[in-house]
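Participant: First to last, the protein sequences are chains A, B, C and D.
Numbering-wise (this note's numbering), the first sequence opens with residue 1 and increments by one.
Numbering-wise (this note's numbering), the second sequence opens with residue 382 and increments by one.
Numbering-wise (this note's numbering), the third sequence opens with residue 661 and increments by one.
Numbering-wise (this note's numbering), the fourth sequence opens with residue 938 and increments by one.
Backbone N, C-alpha and C fix where the C-beta goes; we use that ideal spot for every residue, glycine too.
Just so you know, these numbers come straight off a predicted model, no measurement behind them.
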Amino acid sequence: MGSFERTFDRYADLRFPAVREWKQSRPGAKAIAYFPVYAPVELIHAAGMLPVSLYGAGDRLDIQHADARFGSFICSIVKTTLEMGLTGHLEPFDGFLFSTICDSARNLCFVMKRNFPAMYVDFLHLPHNPSSPAAAQFLAEEYRRILLELERVGGCQVHDDRVRHSITVYNHNRSLIRELYRVRTRHPEKIPTGELYQLIRAGSFLPVEEHTAQLETALAQFGSRSNKKRDSIRIVIEGSFCEQPPLPLIQLIEDAGCYIVDDDFVIGQSWFESDVPTEGDPLLSLATSYLDRSVYSSVRHDFRKPRWDGLVEKVRRSKADAVLFLIAKFCEPAYFDYVPYKQELERAGIPHLQLEFEEKSFTFDRLRTEIETFVESLIFD
Amino acid sequence: MRIAAGVDVGSTQTKAVIMSDNGGVKVLARALVDTGANVQRAAERAFDTGCQQAGIHSGDVGFVVGTGYGRYKIAFGNTQMTEITCHAKGASFLCPGTRTVIDMGGQDSKAISVGANGEVLDFVMNDKCAAGTGRFLANSAEVMGISLDEVGPLSLKAQHPVKIATVCTVFVESDILSYLAQGKTGEDILGGVHIAIAKRTLSLARRLNIEPEIAMTGGVARNVGMVRALEEVLGRKMLVSPDAQFIGAVGAALFALEKLDQSFESGIWRGDHAVSGGH
Amino acid sequence: MPFLAGIDCGTSFTKALVLSEDQGQPRILGKGRTRSGVKVDEAAGAALEQALGEAGLDRRQLEYVAATGFGRYGVSFRDIQVTEITTAARGAHFVIPETRAILDIGGQCTRAIGVTDTGRVKIFKSNDKCAAGSGMFIQRAAKYLEVKLEEVGELSLKATHPQPISSVCAVLAESEIINHVSAGITVQDILRGIHESLADRAGALLKRVEMTDQLTLIGGVARQAGIAKALADRLKVKVNIPQDCDFICALGAALLGLKRLAGKRSAAETAASEYAY
Amino acid sequence: MTEKKEYRGSIHQWQKDLMLAWYEQLDQAANTGTPATVSMMISGNCVELLEGFGAVPLYPEVNALQLAIRHQSLDPILAAEDLGYAADNCAYVKADVGCIVKGITPTGGKLPTPTLILCNFVGCNTYLKWFEHLAKLQQAPLYVIDVPFMRADEASRSDLEYVVKQLQETVKKLEQLTGSKFDYDRFRQAVACSSRTEELWSRIKHLARRSPSPFDAYFDAITLMGPLYVYRARAEGVEFFAAALAELQAKADAHKGVYEQEHFRLVMEGPPPYPYFRTFRDMFAKWQACAVASTYSTVGGLWEFGFRHDPDNPFESVARHMIAQNVTNRNFLQRYQQIRRYVEEWNADGLIIHFVKSCRLFSAGQGDMRDYFTKQLGVPTLYIESDLEDPRYFAEAQTKNRIDAFFEALEHLKTAASVRGGA
């Protein structure tokens, strides 16, 4: 699967070669970077721009300026994102889009605004009250506002059909991702998560059409594999929805005796549970889809169906033995959710282990010991 | 004869400097003792040694300013000032033209923007945990079984400096151990350690407007490797006084001299004794 | 009766233990202990030779070697590697069967382990973000106060007015100690204070592993009388300290080895019998 | 002398009595089930709406800070951490949850299970988690008023409509829960009361422009904040703040300041370290440094720049207050400008940024704020870190050292300036 290793090199490359190539081949075309999780990529795509998800800088950039701006107790992705900006790495982008996911990310939005006054920096308010009949209309308005800004930045007019087309394109892309996840849940030995991860992650910077093609090939290849099934436990990973764990850590988890049968890695790439309807007002359709169709996560609040129910369902659905909380250091939403998650898992008799990581960490001895112990405690009688 | 003294009680070492001003300010003596367990006694020892060296009687000293973390423990001090204020003053005396001070002590590191008259314009410090301080170096030396003085020179010989993951002074030990286990050379490991601290220190200093001249003070200034590492990340040379570790005490002594002609009431002299109801 | 070895490669010391099974009862035949240094494999070999010497055996008689601890993957001649948490649970449970909660205060990391009645790990928590509350904390204090590490325990027992240490950093705690000393507080009181703040930090971990009325204390620091007392006083629990507690993990490893070996055996026998059939 | 510098007029006792009366009402509610109580967050609270039901607000934050001031916050915090809360979770939440689990209350009296847990989400994502956990813990109904964050300078039409609709939904919800009809006139009167209280409070804030300032707009303002959030929309509130204004006005006219001699004027950013409230205050008192303005005193509402609730347009003005007129729902750069106005119009010598690890809403990015004020505006700025509830993060020696160094430097600058001025 050489192609995916290449993908890794490309997303690991902080000069964003894929983005530069895309722009070079389309004079005047714009690229918009967005902070992870729930971003309306359809709108950016419909405006003829390249949506790119910023997933921090991993361990490939020393924080030299950003920690003077964001002090102690702030997660790494916030700092490395700003660091990339302050060190010119974000030069290929024409705008940044942030949303309500957490307080640090929100403040980052406005710190970026101050430090890059020439740049289009916007903040999307995603409703936290889906039970209100007014929420959908509000969000549709909010999407419309953003679309107008994008039209201004791109100097273009975006008609509803363009948006509908983009919705269709992304619906297809996400349905493939959902299918890949289904296959892995059934045959984790066929699709090592380290590999799947890189494949999905590629979608954070590749043009969606190109990524969709990759997913199709991969799906074919994976299906035809016949890898030996190891004596491993089946786990669900929860908590890595924003800042991403280093790839070696993901591989280490499998290496230490776990099959990852479901996860919330780069969840922003696959955040609708079913297709977004293409008929009617496309913005309203996207809005209602966020409210009724998007996957749960610690940064989305819907008091009609608690997230912990979502997690327990996920474990049952994927026939997992246990849950591994893989939480980014200083990620407060994930810290908070751990408590009710833990309570509900224990009520349901599902074993779990909580681990903390930082995107920039590169030695994992302690984590390895904890994961192995966890596995040993489940396999040794 | 107008004589004053400054005593800087640091976490590891206590320094005393005796200065006189008869038409020209000059350092009569400098003394250095280990702080050890009894801060008060350390201050006295340093002060007395200083007086002996200067060949004067402690009674000849007109005013004593105490600084450093142990400053409130100096029984014979007339007033106290923070080491930040004193470092700025001392640096611009020993290294004229100083605009930025980078101080690396045993347990904290700080950066100070200094005005033309040695006044503090702005400062930042790292004092909540010992990450990236002189102690970090001392521990590394300890783990590798070499003396602290060898650390700097060795680090200069690094070919491929290793990457140091942790900044925790205690955890760096296990990092070093595993590198040794991987067969990395002491030079490369120390090189990595020095770069790690230098970068951390610089990112602290960046909170200020770093302006030349940059002076390095504190015990770590004696470490050639650290000076080099810092100059590399800074991209420019620094002023390093041979008396770097005495700068706090010198600053204190200079204030003590000024104090000889000033009244207790003028603002800057509001040491804790001077203020009613302070501590 | 098979001979097995468990080897625990810790950061500072490597411990080896040789055991055999005697009428279904594991019996310890020999122990070896050496500084880990930088070459894990050599240290493991040396410790093992000591243990074998004590047992009057030689290496070829060993049927199974289980490695555990920080350097477990570095033991080239191992049959299996298991983490020191799993082995601690097994070992402690073997020596003190009523063990349900284990506290392991290591050089850099303090760990609490909840154990099932069969010696399986139920849940564990470790504070390894920062050396606060680790054994290092005591080592530094001892060094600073110029007392031998061995004396620390006894001294702290003599405390009359323990002085709390609040600093979260093992290194910065020193400056607090400086203040205490210069405030004329006795070494005993300071050491006890250190033990107590250690006990409190450990208590927080132990709560998370559902400790009930007693705990089993292992790891090098356990040898200090003072910490055991501090734990008993502060946490109001019975503190068991297994004798030569720093061999617990090596023992646990050997015991797990025994299990695996038994497993293999029965498998082999069924295979053989089938063949004979 | 520590007593002397703290403002203690007749209103000081009055303030205590008001808060006590509030706790008594809550205790009564716990025992008898009336009045109805509604849990709310301080920031951008809509206490006016509750008046339409004669319901009493229940502020978990107030309980949390009361505990901290009384040095009782650590136990509940640890209790919460035993439940699995992380060291880096907001300690307000941990203290509050710990109290409920252990049955602790600040006064010893009872606290009711609220009729409704009303999460007025104004920027603080922690509020959502907090109230969600409370609802789970207390088995009480939860409703969220999702307030759009300030992404532009002003609240948009769609923002206002969205919040107004939710306020009306809240009314329906409360009608179901209390079984009583919403009293619109009483609501309008409440809004009218608020606008009067706000006018008085705003004038008090402006008294701090005087030199010397008659009160400390950080430490003393906090004593006045309790009544502001609980009684703003009631006659008691108007009365209380009228008296407060009169007293402080008299003090100002007599040129009486917080200290014999006001040596430094400061703007304070960030919540205070409640577990060391007194110690912290003393560190500034030592230098006769007086806070003339603070952002923390505007979490509940930002009134010194002219906003008032509007009885002729009650729902919309409540919505506007929740969206645009409290510091927590305003964006970071708007906070920069708020502080900038304080520094310039209240004529301060420097800015103190107090980073509290609990509150990322307040603290995330304060390094950039420091950068803006020191490098772009040349305002002397001190940045210190601790926490608003968790006593484990206050390093007394280090904090004192920084504060002393800051004032030593400020003193230099002032003397230099006066010398230049003299020459």
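Out of 775(C), 921(C), 904(C), which has the shortest C-alpha to C-alpha gap to residue 872(C)?
Facilitator: Residue 775(C) is the option with its Cα nearest to residue 872(C).
Participant: Taking 9 Å as the cut-off, decide whether the C-beta atoms of residue 746(C) and residue 380(A) are in contact.
Facilitator: Going by C-beta atoms, residue 746(C) is nearer than 9 Å to residue 380(A).
Participant: Throw me the rounded Cβ distance for the residue 14(A) and residue 82(A) pair, which I believe falls under 8 Å.
Facilitator: About 14 Å separates the two Cβ atoms, so there is no contact after all.
Participant: Would the beta-carbon of residue 414(B) be found less than 8 Å away from any heavy atom of the ligand COA?
Facilitator: Judged by which ligands are present, the structure shown has none, so any question about the ligand COA falls away.
Participant: With a Cβ-Cβ cutoff of 9 Å, do residue 900(D) and residue 502(B) count as a contact?
Facilitator: Shown here, chain D extends from 938 to 1360; a query on residue 900(D) therefore has no answer.
Participant: Which of the three DSSP states is assigned to residue 333(A) in this structure?
Facilitator: Here residue 333(A) sits in helix by DSSP.
Participant: Check the Cβ-Cβ distances between residue 77(A) and every residue of chain B, and say whether any is below 9 Å.
Facilitator: Residue 77(A) does not count as touching chain B.
Participant: Just to check my reading of the structure: residue 51(A) and residue 41(A) have Cβ atoms closer than 8 Å, yes? What is that Cβ distance to the nearest angstrom?
Facilitator: Right, their Cβ atoms sit about 4 Å apart.
Participant: Would you list, in sequence order, the uninterrupted beta strand (DSSP E) runs of no fewer than 3 residues that lie entirely inside the segment 112 to 154 of chain A?
Facilitator: Whole beta strand (DSSP E) segments, 3+ residues: 120 to 124.
Participant: For residue 340(A), which of helix, strand or coil comes out of DSSP?
Facilitator: Three-state DSSP puts residue 340(A) in a helix.
Participant: Given 8 Å as the limit, is there contact between the segment 1311 to 1318 of chain D and the segment 1281 to 1301 of chain D, that is, 3 or more CB pairs closer than that?
Facilitator: Taking 8 Å as the limit for Cβ pairs, the verdict is that the segment 1281 to 1301 of chain D does touch the segment 1311 to 1318 of chain D.
Participant: Nearest to residue 874(C) by CA position, among 684(C), 860(C), 763(C), is which residue?
Facilitator: Among 684(C), 860(C), 763(C), the Cα nearest to that of residue 874(C) belongs to 763(C).
Participant: Would you say residue 1239(D) and residue 1198(D) are within 9 Å of each other, going by their C-beta atoms?
Facilitator: No; because the gap between Cβ atoms is not below 9 Å, this pair is not in contact.
Participant: Could you tell me whether the Cβ atoms of residue 488(B) and residue 516(B) are closer together than 9 Å?
Facilitator: Result yes, Cβ atoms of residue 488(B) and residue 516(B) sit closer than 9 Å.
Participant: Between residue 273(A) and residue 295(A), is the Cβ-Cβ spacing less than 9 Å?
Facilitator: Their beta carbons are under 9 Å apart, which means residue 273(A) touches residue 295(A) by this criterion.
Participant: How many angstroms separate the CA atom of residue 1335(D) from the CA atom of residue 1296(D)?
Facilitator: Cα-Cα distance, rounded: 21 Å.
Participant: For residue 360(A) versus residue 246(A), is the C-beta spacing smaller than 9 Å?
Facilitator: Cβ atoms of residue 360(A) and residue 246(A): closer than 9 Å.
Participant: With 9 Å as the C-beta to C-beta threshold (strictly closer), list the residues of the segment 1015 to 1028 of chain D near chain C in chain order.
Facilitator: The segment 1015 to 1028 of chain D vs chain C, Cβ under 9 Å: 1015, 1018, 1019, 1021, 1024.
Participant: Distance cutoff 9 Å, beta carbons only. Does residue 505(B) sit that close to anything in chain D?
Facilitator: Answer yes: the Cβ-Cβ gap between residue 505(B) and chain D drops below 9 Å somewhere.
Participant: Reducing DSSP to helix, strand and coil, say where residue 53(A) ends up.
Facilitator: In this structure, residue 53(A) counts as strand in the three-state DSSP scheme.
Participant: Go through its chain and collect everything with a Cβ distance to residue 197(A)'s Cβ below 6 Å, but skip five positions before and after it.
Facilitator: 250, 265, listed in sequence order.
Participant: Does any CB atom of chain A fall closer than 9 Å to the CB of residue 1066(D)?
Facilitator: For residue 1066(D), the answer is yes, since a Cβ of chain A falls inside 9 Å of its Cβ.
Participant: Rounded C-beta distance between residue 217(A) and residue 176(A)? I'm assuming under 8 Å.
Facilitator: The pair is not a contact, with the Cβ atoms about 10 Å apart (cut-off 8 Å).
Participant: I need the straight-line Cα distance from residue 785(C) to residue 1117(D), nearest angstrom please.
Facilitator: Those two C-alpha atoms are separated by around 51 Å.
Participant: Against chain C, does residue 185(A) count as a neighbour if the rule is that its beta carbon must be under 9 Å from one of theirs?
Facilitator: Not an interface residue.
Participant: Please decide whether residue 868(C) counts as near chain D, where near means a Cβ-Cβ distance under 9 Å.
Facilitator: With 9 Å as the cut-off, residue 868(C) counts as an interface residue toward chain D.
Participant: Starting from the C-beta of residue 100(A), find all residues in its chain whose C-beta is less than 6 Å away, skip the five residues before and the five after it, and write them out in chain order.
Facilitator: The residues are 125, 126.
Participant: Out of curiosity, what's the CA-to-CA distance linking residue 1085(D) and residue 319(A)?
Facilitator: Going by the C-alpha atoms only, they are around 39 Å apart.
Participant: With three or more C-beta pairs closer than 8 Å as the rule, is the segment 144 to 156 of chain A touching the segment 219 to 233 of chain A?
Facilitator: Cβ pair count under 8 Å is below three, so no.
Participant: Rounded to whole angstroms, how far is the Cβ of residue 1255(D) from the Cβ of residue 986(D), which I believe are closer than 8 Å?
Facilitator: Right, the Cβ-Cβ distance comes to about 6 Å (below 8 Å), so this counts as a contact.
Participant: Give the single residue among 270(A), 164(A), 299(A) whose Cα lies nearest to the Cα of residue 285(A).
Facilitator: Of the listed residues, the one whose Cα sits closest to residue 285(A) is 164(A).
Participant: Among 458(B), 413(B), 457(B), 574(B), whose alpha-carbon lies nearest the alpha-carbon of residue 611(B)?
Facilitator: The residue with the shortest Cα to Cα distance from residue 611(B) is 574(B).
Participant: Hey, would you say residue 1100(D) sits closer than 9 Å to residue 979(D), going by beta carbons?
Facilitator: Contact: no.
Participant: When you compare the segment 1210 to 1228 of chain D with the segment 1167 to 1186 of chain D, are there three or more beta-carbon pairs, one atom per stretch, that lie closer than 8 Å?
Facilitator: The segment 1210 to 1228 of chain D, when compared against the segment 1167 to 1186 of chain D, does not touch it at the 8 Å Cβ threshold.
Participant: Tell me, please, which residues DSSP counts as bridged to residue 326(B).
Facilitator: Past the edges of chain B, shown from 382 to 660, lies residue 326(B), and the structure says nothing about it.
Participant: Give me the residue from 594(B), 579(B), 599(B) with the minimum Cα distance to residue 614(B).
Facilitator: Checked all of 594(B), 579(B), 599(B); the closest Cα to residue 614(B) is 579(B).
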